[in-house]
Amino acid sequence: MASFTGEFECKLDAKGRLVLPSKMKALIPESLGQEMMLRKGLEPCLELIPMVEVKKDHNKLASLDDTDDDVRFFKRSFFRRESTVDLDATGRFVISKTMLRHAELEREAIVIGIGTKIEIWNPECYEAFMCKEEKRFSDLNKKFLGKSA
Numbered sequence: 001m002a003s004f005t006g007e008f009e010c011k012l013d014a015k016g017r018l019v020l021p022s023k024m025k026a027l028i029p030e031s032l033g034q035e036m037m038l039r040k041g042l043e044p045c046l047e048l049i050p051m052v053e054v055k056k057d058h059n060k061l062a063s064l065d066d067t068d069d070d071v072r073f074f075k076r077s078f079f080r081r082e083s084t085v086d087l088d089a090t091g092r093f094v095i096s097k098t099m100l101r102h103a104e105l106e107r108e109a110i111v112i113g114i115g116t117k118i119e120i121w122n123p124e125c126y127e128a129f130m131c132k133e134e135k136r137f138s139d140l141n142k143k144f145l146g147k148s149a
């Protein structure tokens, strides 16, 4: 499976469409098709996820007991946060108004590869978030990789 990496500055057009950077688009195997999942992130960003990864989450959720109130609440909350998008030949896709509002996206975006998925951020929100979290990254780098950043 693709391992998305890097940080790219992108523009949205007047219709809320974004073109994936060519380096990221090239990592999506044609055999997987052009359908991906766009999901509201836990931070104020969006996640663009290949369907092969989405199916893993959906399979886990399908195995849960729907008679459990917490399961139904979680599924309702989880599935309402995502919608499928189709990439055209250039890697362009439409971001719905609901998704645009969640990530506070207008004309510019920062697109970041984070392994199995891609995050899409408002540049100002991303900068503020990363400045606040720089020390945390350094600490976690040491914890997870055993070395200072």
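For the sequence shown, counting from 1, position 134 maps to 134 in the working numbering; every step adds exactly one. Heads up, the beta-carbon is just placed ideally off N, CA and C, and yes, glycines get one too.
- The beta carbons of residue 111 and residue 45 sit no closer together than 7 Å.
- Going by DSSP, residue 86 is part of the beta strand (DSSP E) stretching over 82-86.
- Residue 29 counts as exposed, since fewer than 16 other C-beta atoms from the protein chains shown sit within 10 angstroms of its C-beta.
- Bounds of the alpha helix (DSSP H) holding residue 100 are 97-103.
- Pairing residue 109 with residue 120 gives a Cβ-Cβ distance under 7 Å.
- Secondary structure of residue 46 (DSSP, three-state): strand.
- In this structure, DSSP gives residue 117 a state outside helix and strand, which the three-state scheme calls coil.
- Under the DSSP assignment, residue 15 falls outside any alpha helix (DSSP H); it carries neither an H nor an E label.
- The three-state secondary structure of residue 107, taken from DSSP, is coil.
- When DSSP states are grouped into helix, strand and coil, residue 40 belongs to the strand group.
- The C-alpha of residue 89 lies about 14 Å from the C-alpha of residue 27.
- Per the coordinates, the alpha-carbon of residue 15 lies some 13 Å from the alpha-carbon of residue 99.
- Shown here for residue 113: same chain residues with a beta carbon closer than 7 Å to its own, the five before and five after excluded, namely 4, 5, 6 and 24 in chain order.
- When the beta-carbon positions are compared, residue 107 and residue 19 stay at least 7 Å from each other.
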